[in-house]
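Number of protein chains: 2
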Amino acid sequence: MEHPQSKADEILRCARSLIIKGGYNSFSYADISNVVGIRNASIHHHFPSKSDLVRKLVAQYREEAAAGIAELERNVSDPFEQLRAYVGYWEGCIADATHPFCVCALLASEIPVLPEAVVLEVRAHFRGLSDWLASVLERGAAQGRLTLTGTARAEAEMFMATVHGAMLSARAYGDARTFGAITRPLLDRIAA
Amino acid sequence: MEHPQSKADEILRCARSLIIKGGYNSFSYADISNVVGIRNASIHHHFPSKSDLVRKLVAQYREEAAAGIAELERNVSDPFEQLRAYVGYWEGCIADATHPFCVCALLASEIPVLPEAVVLEVRAHFRGLSDWLASVLERGAAQGRLTLTGTARAEAEMFMATVHGAMLSARAYGDARTFGAITRPLLDRIAA
DNA sequence: GGTTACCTACCAACTAGTAGGAAGGGTGTC
DNA sequence: GACACCCTTCCTACTAGTTGGTAGGTAACC
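Sequence lines, in order, name chains A and B. Take the first sequence: its letter number 35 is residue 35 in the working numbering, and every next letter is one higher. So the number in the working numbering is just where the residue sits in the second sequence, counting from 1, plus 1000.
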């Protein structure tokens, strides 16, 4: 706890990167111990089971996402610019290949084989993101800044799905620019 | 080969269902042998390695997808109705939970940890699907039946991404209706 | 007699997870 | 200040089960 970057946190960070590569079943404790300077068994001291590790990893990810959104709300007032900043954040992540996929989007695709505790966290992320997007769209529509075709909720779900699908296509094509090519028209379309 | 449903085909079908559940690393040869009445080692007779198995599985999936599209082209003339039929096909698959996810969409999310041969097949599926969607959109626009905001290609990529994202959201929420809730506005939007 | 399809028996490597101990720091008590 | 005690962190050593894959044999069919 006293370290600026505790071992437990290093493990979480490492596991996150590994999950982003290929999901829950694509990494092992051995993979983590190879990167973080720690023995396989020592990981169990911090996280008794793999399910624990990933649940806490997603919980931490959700906290960071919430913090990022809060900062966006503080620094950017215009709803359209908020959406553009959100999309731009991911465009950057994909372009520099640091975290080229949303942890929860990746885990969501594997839900049938995931521990229940992890599923609940992933689902909560989807709801949280959708809620925020809906609130932004609603505000934008009220200000006459955005044009919605359906309800804010429906538009938010579609927006989120398209962003996730764009991540997938970028990965499938092996071309980071795909993400922007899909999301730019998405933004243009809702701009008033 | 002589059997109406050969053992090799049974293995491919079974592996496909297992992949749809949670991807490449979520199933083993043991899982297959438990379902298909065959010994673990015998699977290697038909498919020397797991990479071979999954590559052929995706190739078969692509053939079936191409056949489905060809049938659609034969039976449905109106571009908008073609798109609606395509989306409706997936809505049915998700509702009855038989194949509630596109094999290639799932594998695409795991690309960094997939054998190269599988990646090429997955990428080819994305290109093929995008090509078809673009051709339908182009035709629809030329007939004045559909309204495109960007190029047919860009619109096709966005359409595909949204459909994939809708599968993901349906899985994340654990609610099949989510898919329709996202794709219906998607179709409405491009209808002239 | 060769090919195909399947079998038993095996393997080394890896999986998540456990048992038990050593080193270190913090704290309460005398 | 010294000592005992405990808690945290990490270690070595181990385990049972699973992983994809191999070797070699058998039986049926063309």
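Think of the CB as a built atom: it goes at the ideal place given N, C-alpha and C, for glycine as much as any other residue. Being a predicted model, the structure only gives us computed values, none of them experimental.
query = Who are the Cβ neighbours of Glu155(A) in its own chain at under 6 Å, not counting the five residues just before and after it?
reply = Only Leu137 and Leu148 meet the Cβ criterion.
inquiry  = For the alpha helix (DSSP H) containing Cys1102(B), name the first residue and the last one.
reply    = Counted as a single uninterrupted DSSP element, the stretch harbouring Cys1102(B) is not any alpha helix (DSSP H), since DSSP gives it neither H nor E.
inquiry  = Please state whether the Cβ-Cβ distance between Ala172(A) and Ile1182(B) is less than 8 Å.
reply    = Contact flag unset, no.
ask   = The alpha helix (DSSP H) with Leu1018(B) in it runs from where to where?
value = Residue range Lys1007 to Gly1022 is occupied by the alpha helix (DSSP H) that includes Leu1018(B).
ask   = Can you list, in chain order, the stretches of the alpha helix (DSSP H) that have 4 or more residues and sit fully within the stretch 1036-1079 of chain B?
value = DSSP runs (the alpha helix (DSSP H)) wholly in the stretch 1036-1079 of chain B: 1040-1046 and 1050-1075.
request  = Pull up the distance between the alpha-carbon of Asn40(A) and that of Ser1028(B), whole angstroms please.
outcome  = One C-alpha to the other measures close to 24 Å.
Spatial distance of Thr178(A) from Ile1038(B) (CA atoms) = Annotation: Thr178(A) to Ile1038(B) spans about 43 Å, alpha carbon to alpha carbon.
ask   = Is the CB-CB distance between Ile1019(B) and Ser1033(B) below 8 Å?
value = No, these two residues do not count as a Cβ contact at 8 Å.
request  = For Ala166(A), go through chain B and note every residue whose CB falls closer than 7 Å to its CB, in chain order.
outcome  = Correct list: Ala1161.
message = Suppose you measure from the CA of Ala170(A) to the CA of Gly22(A); what does that come to, to the nearest Å?
response = Cα to Cα, Ala170(A) sits roughly 15 Å from Gly22(A).
ask   = Are the C-beta of Ile1182(B) and some C-beta of chain A separated by less than 8 Å?
value = For Ile1182(B), the answer is yes, since a Cβ of chain A falls inside 8 Å of its Cβ.
Nearest-angstrom Cβ-Cβ length linking Leu107(A) and Leu114(A), presumed shorter than 8 Å = 6 Å between Cβ atoms; contact.
query = So what's Leu1146(B) in DSSP terms, helix, strand or just coil?
reply = Of the three classes helix, strand and coil, the one that applies to Leu1146(B) here is strand, per DSSP.
task = Could you name the residues of the same chain whose beta carbon sits closer than 8 Å to that of Ile190(A), not counting the 5 residues immediately before and after it, in chain order?
result = Phe80, Leu83, Leu137, Gly140, Leu146, Thr147, Leu148, Glu155 and Phe159.
task = Can you pull the chain B residues whose beta carbon is under 7 Å from the beta carbon of Ser26(A), in chain order?
result = Residues of chain B whose Cβ lies closer than 7 Å to the Cβ of Ser26(A) are, in chain order, Asn1025, Glu1110 and Val1113.
query = Just how far apart, CA to CA, sit Val1163(B) and Thr1151(B)?
reply = Inter-residue distance for Val1163(B) and Thr1151(B) is about 18 Å (C-alpha atoms, whole angstroms).
task = Can you tell me the Cβ-Cβ gap for Leu187(A) and Val87(A), rounded? I've got them flagged as a contact below 8 Å.
result = Contact holds; Cβ gap of about 6 Å.
task = Spell out whether any CB of chain B is found under 8 Å from the CB atom of Met1(A).
result = Unreliable placement is indicated for Met1(A), whose pLDDT of 37 sits below 50; the coordinate value is still reported in the next sentence. No, Met1(A) does not count as interfacial toward chain B.
ask   = Closer than 7 Å, Cβ to any Cβ of chain B: which residues of the stretch 116-139 of chain A, in chain order?
value = Interface annotation for the stretch 116-139 of chain A against chain B: Val122, Arg123 and Phe126, criterion Cβ-Cβ distance under 7 Å.
query = Three-state secondary structure (DSSP) at Ala1176(B)?
reply = In the structure shown, Ala1176(B) adopts coil according to DSSP, grouped into three states.
ask   = Near Cys1014(B), which residues of its chain fall below 6 Å by C-beta distance, leaving aside the five closest residues on each side in sequence?
value = Counting only Cβ-Cβ distances below 6 Å, and skipping sequence neighbours, we find Ile1032, Val1035 and Val1036.
request  = Scan the stretch 1110-1160 of chain B and note each continuous alpha helix (DSSP H) run of 4 residues or more that stays entirely inside, going in chain order.
outcome  = Counting only runs of 4+ residues, the alpha helix (DSSP H) found wholly inside the stretch 1110-1160 of chain B occupies 1116-1142, in chain order.
ask   = To the nearest angstrom, how far is it from the Cα of Gly68(A) to the Cα of Gln1060(B)?
value = For Gly68(A) and Gln1060(B), the distance between alpha carbons rounds to 43 Å.
ask   = So is Arg1055(B) buried or exposed if we call it buried at 16+ other beta carbons inside 10 Å?
value = Buried, since its Cβ has 16 or more Cβ neighbours within 10 Å.
key: Helix, strand or coil at Ala85(A) [DSSP, three-state]   = The three-state reading of DSSP puts Ala85(A) in helix, counting H, G and I together.
inquiry  = 8 Å is my cut-off, CB to CB: does Gly1150(B) come that close to chain A?
reply    = Output row for Gly1150(B): interface = yes.
key: Pick from Arg62(A), Arg74(A), Pro48(A) and Ala70(A) that is closest to Leu120(A), judged by C-alpha positions   = For the residues Arg62(A), Arg74(A), Pro48(A) and Ala70(A), the minimum Cα distance to Leu120(A) belongs to Arg62(A).
message = Going by DSSP in three states, Arg189(A) sits in which element: helix, strand or coil?
response = The three-state reading of DSSP puts Arg189(A) in helix, counting H, G and I together.
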